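Chemist: Have a look at the structure that comes next, please.
Numbering (the working numbering), first residue to last: 1009 to 1293.
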C-alpha cells in the first residue's frame, strides 16, 4: 500500500492512498491527519486497510501536486553499506581510504545527520549542487521510515546529494559535502506493509539526463545492502529520542564514474520497484 501527501488546486494539504497508477483515494476524508499519524499507529497496514474500506472520494493523480512525505521527521543517512560505495569512497581519497574500509566491516555503521524536515526537497522540485564543489553526484537510496518507537513502518525513495571532491579532501568535511541547501530529496510515496524480505527483492535504478540525452544509467538490488534493516534501525535509535519518528537513507550502491559530475538543469530519476519514482532537476546553490 502506497501513501502520499498532496496539495489540491485550492492549496489544501491532504493524505492520499494510491489507487492504481493514475488515481488517489482521499484518506483525509476518513480522518487521516498525516503520514506521521499513520506510521505511528500500532499496525499501519491494517490501519490503512480499515480506512480504505470507507466510501472515500478519489481523484486523478494529474490533478494534484505530490509533496514530500517528510513532515516533522529528522532525516539521517547511513554510509558505506554497499561494497560499491566502499570502493568508490576509497578511490576518491587516499587519505581516508582505510577509514571507509574499516567501517564497511565494523560492527557500528556510519550514520550521520542529513536534513531538517522543512529542508527536504519534494519530487518535481530541484535538488542542489554546491557552487564551491567540482564533483557532485546523486546517491539513490532506499529510505526507512521509522516511527517514534524506532519501528520501521514504511519505505520511501531518497536522494542523498553529495559533493565527492569536498568529502575526498578530508573526512571532517563530510557535513559540508552532505548537508547543504537542497541536498536531500525524499518521496513522493511511502510504501507501507512490506517486510524486509520483500523489500530486499526490490531494485533501485538511477537515470541522469542532460539536454535530452542519457548521461548515466545504473541499477542495484536492495539485497546488496550489507547490514539488516533492523541493525541500521537499532543503531539509529541508540541513545536517541525521535518524538515524531525519523527517516534513514540506507546508503547507495550506484556510483557514476569518476569522470562524471552533475550540471545545472540535469534531470535525475530514481526508481525503486515496490515504491515509485523520485524525479528532480538540478540547480547550483
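For each residue, glycine too, the CB sits at the ideal point set by N, CA and C. Predicted model, so just to flag it, every value in this text is computed and none were measured.
1) Verify whether the separation of the beta carbon atoms of residue 1216 and residue 1228 is less than 8 Å.
2) What distance in whole Å lies between the Cβ atoms of residue 1226 and residue 1283, which are believed to be in contact at a cut-off of 8 Å?
3) Contact between the region 1198-1208 and the region 1045-1054 is defined here as three or more beta-carbon pairs at a separation below 8 Å; is this criterion met?
4) Alpha carbon to alpha carbon, how far is residue 1255 from residue 1017? Give it in angstroms, no decimals.
5) Between the beta-carbon of residue 1122 and the beta-carbon of residue 1187, is there less than 8 Å?
6) Quick one: is residue 1286 buried, meaning 16 or more other Cβ sit within 10 Å of its Cβ, or exposed?
7) Cβ atoms of residue 1075 and residue 1013: under 8 Å apart, would you say?
8) Whose C-beta lies closer than 8 Å to the C-beta of residue 1210 among residues of the same chain, with five residues either side of it excluded?
9) Quick test of your reading: residue 1086 and residue 1182, contact by CB under 8 Å. State the CB separation rounded to the nearest angstrom.
10) Do the CB positions of residue 1271 and residue 1290 come within less than 8 Å of each other?
11) Evaluate contact between the region 1231-1251 and the region 1053-1061, counting only Cβ atoms and requiring at least three cross-stretch pairs below 8 Å.
12) Taking the alpha-carbon positions, what's the residue 1249 to residue 1220 distance?
13) In whole angstroms, what separates the C-alpha of residue 1258 from that of residue 1184?
14) Counting Cβ pairs, one atom from each stretch, are 3 or more of them under 8 Å apart for the region 1116-1131 and the region 1139-1158?
15) Alpha carbon to alpha carbon, what distance is there between residue 1078 and residue 1161?
16) Can you tell me the Cβ-Cβ gap for residue 1148 and residue 1278, rounded? I've got them flagged as a contact below 8 Å.
17) With a floor of 4 residues, list each alpha helix (DSSP H) that falls wholly inside the region 1167-1209, ordered by position along the chain.
18) Output the boundary residues of the beta strand (DSSP E) element that contains residue 1256.
19) For residue 1224, which of helix, strand or coil comes out of DSSP?
20) List the endpoints of the continuous alpha helix (DSSP H) containing residue 1052.
21) In chain order, what residues of the same chain have a beta carbon less than 7 Å from the beta carbon of residue 1065, not counting five sequence neighbours either side?
22) Can you name, in chain order, every residue of its own chain whose Cβ lies under 8 Å from the Cβ of residue 1090, other than the five neighbours on each side?
23) For residue 1194 versus residue 1128, is the C-beta spacing smaller than 8 Å?
Modeler: Taking the coordinates as given:
1) Position 208 of the chain shown holds residue 1216. Position 220 of the chain shown holds residue 1228. Not closer than 8 Å, so no.
2) One-based indexing of the chain shown puts residue 1283 at position 275. One-based indexing of the chain shown puts residue 1226 at position 218. Not really, about 17 Å apart at Cβ, beyond 8 Å.
3) yes
4) As a working mapping, residue 1017 is identified with position 9 in the chain shown. As a working mapping, residue 1255 is identified with position 247 in the chain shown. Using only the alpha carbons, I get a separation of about 28 Å.
5) As a first step, residue 1122 must be located in the chain shown, where it is residue number 114. As a first step, residue 1187 must be located in the chain shown, where it is residue number 179. Cβ atoms of residue 1122 and residue 1187: closer than 8 Å.
6) Taking the first residue of the chain shown as position 1, residue 1286 is located at position 278. Buried: at least 16 other Cβ atoms inside 10 Å.
7) Stepping through the chain shown from its first residue, residue 1013 is reached at position 5. Stepping through the chain shown from its first residue, residue 1075 is reached at position 67. Yes, these two residues count as a Cβ contact at 8 Å.
8) Counted from its first residue, the chain shown places residue 1210 at position 202. 1150, 1229, 1230, 1280, 1281, 1282 and 1283, listed in sequence order.
9) As a first step, residue 1086 must be located in the chain shown, where it is residue number 78. As a first step, residue 1182 must be located in the chain shown, where it is residue number 174. Between residue 1182 and residue 1086 the Cβ distance is about 13 Å, and since that is not below 8 Å, they are no contact.
10) As a first step, residue 1271 is located in the chain shown; it is residue number 263 there, counting from the start. As a first step, residue 1290 is located in the chain shown; it is residue number 282 there, counting from the start. Yes, these two residues count as a Cβ contact at 8 Å.
11) no
12) Walking along the chain shown from the start, residue 1249 turns up at place 241. Walking along the chain shown from the start, residue 1220 turns up at place 212. C-alpha separation (whole angstroms): 45 Å.
13) The count along the chain shown starts at 1 and reaches residue 1258 at position 250. The count along the chain shown starts at 1 and reaches residue 1184 at position 176. Computed Cα separation, rounded: 19 Å.
14) no
15) Taking the first residue of the chain shown as 1, we reach residue 1161 at position 153. Taking the first residue of the chain shown as 1, we reach residue 1078 at position 70. Each residue's Cα considered, the two are about 13 Å apart.
16) In the chain shown, the residue the question calls residue 1148 occupies position 140. In the chain shown, the residue the question calls residue 1278 occupies position 270. 4 Å between Cβ atoms; contact.
17) 1172-1177, 1182-1186 and 1204-1207
18) If you number the chain shown from 1, residue 1256 lands on position 248. Element bounds for residue 1256: 1254-1257.
19) Within the chain shown, the letter at position 216 stands for residue 1224. Strand at residue 1224.
20) The residue given as residue 1052 occupies position 44 in the chain shown. First-last of the alpha helix (DSSP H) with residue 1052: 1052-1060.
21) Here residue 1065 is taken as the residue at index 57 of the chain shown, counted from 1. Taken in chain order, the residues that qualify are 1034 and 1037.
22) Here residue 1090 is taken as the residue at index 82 of the chain shown, counted from 1. Taken in chain order, the residues that qualify are 1228, 1232, 1233, 1234, 1259, 1260 and 1261.
23) On the chain shown, position 186 is the one that residue 1194 refers to. On the chain shown, position 120 is the one that residue 1128 refers to. Yes, the Cβ-Cβ distance between residue 1194 and residue 1128 is below 8 Å.
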